[in-house]
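What follows is a single structure, written as structure tokens, with notes after it.
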Amino acid sequence: CNTNYCFTLVHNRSQFTDKQMIKLQESPDDMPAGQTPHTVVLFAHNDLVDAVQPGDRVTVTGIYRAQPMQVNPRMRNIRSVYKTHIDVLHFRKIDHKRLYEEEDGKDHLFTPQRLKLMEELAKLPDVYDRLARALAPSIYENEDVK
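full-length UniProt numbering applies: residue 1 is where the sequence shown begins, and numbers increase by one.
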């Protein structure tokens, strides 16, 4: 476009990654009669692309994001309406047989070394402060809330 602030793509110096848009829908089995299930848009990147197939029951861990909608792609004006989506960090497939079972930590198996490390950390006098600093480190103060 030959303007001062125009970018050109240099293919041999670029890195490309896979990206997949997934629509996640509430289970119709859990919905009351007459209501339609809600849908959420998910974006999976890199190794998570094609990790789930249509019909899979999953639990998703991710980052909920909101992006402003543009009025026109050629103009910089944006609306006060936002599109929301979730950037997926992890999928966990739920087996249909275990769908309604209690999950009291069945899949939380730790190695003996990890258990020993956790026991040593639990004995430290400042374990509460360490945990508060580890959770949301960019948020200062509010240790009790964290």
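In this text, a Cβ means the ideal position worked out from N, Cα and C, and glycines have one as well.
Please read all numbers here as calculations on a predicted model, not as lab measurements.
{"query": "Boundaries (first-last residue) of the beta strand (DSSP E) holding residue 112", "result": "No beta strand (DSSP E) contains residue 112, which is instead part of the alpha helix (DSSP H) from 112-123."}
{"query": "For residue 109, the first and last residue of its enclosing alpha helix (DSSP H)", "result": "From DSSP, residue 109 is part of no alpha helix (DSSP H); its letter is neither H nor E."}
{"query": "Three-pair Cβ contact test at 8 Å for the region 82-97 versus the region 51-60", "result": "yes"}
{"query": "Residue 44 - containing beta strand (DSSP E), residue span", "result": "39-45"}
{"query": "Start-to-end residues for the beta strand (DSSP E) that takes in residue 65", "result": "58-70"}
{"query": "Short Cβ contact (8 Å threshold) for residue 50 with residue 93", "result": "no"}
{"query": "Cβ-based neighbour list, residue 40, same chain, cut-off 7 Å, excluding 5 preceding and 5 following", "result": "24, 86"}
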